[in-house]
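Written out below as structure tokens is the structure these notes cover.
Here it is in structure tokens:
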């Protein structure tokens, strides 16, 4: 049977796959994809804690709901920033982002 | 029993696709693998009986965020946009060791901690109904979530304006 450990192990592995991608990728969009992986791992944890350890409440459920909304907002702003970076530098690699002013 | 099998299938899909998403050379493939990871996560929510949450995950992530990624990729992709010259092997090994070490510590903490040993049962209708959800999200009472709901709406408005201002043509 699946208990809380299954979900926790799955989300821990997913989180560290995301961290590995965050550390090794150089394209900003690929880094954002890794951040989405980490966010999803955290969301699975919230939902699993709520469902398996505290089924009478709905706190984890609502936290996941708001987390999804916030990560959508974060993605929109981050992609706007990346399109702006592409306009001024003509590529999207983090190595080239060594100027704060242009 | 069926719950167990479905969980293992979903976990395998999520882990394999997540690994491929961070290791593939082509950024468009990474976005596609991310889509499968998000569908797998939605499947886990459905498995837990949180059907509304699973629907939100499919709609917002698979329908919104991934489409946004694809558009951004198509706007910014050129010949050299794929990971042509990856980072050095030493840095990659260091990143791998950091990830594996962190995963080992977290897994050790999880597996040695005694959680409540409640098995995942088949979802039922009484778990959380959409009626209860709507009442809670718009109530300002003890278990109400009206304040975060309004804060998120203001955040989304600010994010729309910020996106327009940052990405506008100069």
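Chains as they are written, first to last, in this note's numbering: chain A, 26 to 127; chain B, 413 to 582.
For glycine and all other residues, C-beta sits at the position ideal for the given N, C-alpha and C.
Everything numeric in this text was worked out from a predicted model, so none of it was measured.
Counting along the chain, no alpha helix (DSSP H) covers residue 27/A, and no H or E run does either.
Proximity of residue 511/B to chain A, defined by a Cβ-Cβ separation below 8 Å, is satisfied.
Of all alpha-carbon atoms in 49/A, 88/A, 34/A, 56/A, the one lying nearest the alpha-carbon of residue 501/B is that of 49/A. Among the residues facing chain A, residue 504/B is included, as its CB has a counterpart in that chain under 8 Å away. For residue 488/B, the nearest beta carbon of chain A is closer than 8 Å to its own beta carbon. Using a 10 angstroms sphere on the CB of residue 559/B, the tally of other CB atoms stays under 16, which defines it as exposed. In the structure shown, residue 116/A adopts coil according to DSSP, grouped into three states. Counting along the chain, residue 569/B sits inside the alpha helix (DSSP H) bounded by residues 558 to 579. Proximity of residue 518/B to chain A, defined by a Cβ-Cβ separation below 8 Å, is satisfied. Your pair residue 469/B and residue 447/B does not check out as a contact, with CB atoms roughly 12 Å apart and the cut at 8 Å. For residue 52/A, the pairing in a beta bridge is given by DSSP as 118/A. Closest in alpha carbon position to residue 531/B, among 78/A, 89/A, 119/A, is 78/A.
Taking 8 Å as the threshold, the shortest C-beta distance from residue 474/B to chain A does not fall below it.
In this structure, the straight-line span from the alpha carbon of residue 505/B to that of residue 70/A is close to 28 Å. In the displayed model, residue 539/B falls within coil according to three-state DSSP, outside both helix and strand. Between residue 66/A and residue 571/B, the CB-CB gap reaches or exceeds 8 Å.
Distance from the CA atom of residue 416/B to the CA atom of residue 553/B, rounded to whole angstroms, is 38 Å. At least one C-beta of chain A is nearer than 8 Å to the C-beta of residue 564/B. Collapsing the DSSP output to three states places residue 419/B in a helix. C-alpha of residue 561/B to C-alpha of residue 97/A: approximately 15 Å in a straight line.
Of the other Cβ atoms in all chains shown, fewer than 16 fall within 10 Å of the Cβ of residue 529/B; this residue is therefore exposed. Annotated as proximal: residue 92/A and residue 64/A, with beta-carbon spacing under 8 Å.
In the structure shown, the three-state DSSP call for residue 500/B is coil.
The Cβ atoms of residue 427/B and residue 33/A lie no closer than 8 Å to each other.
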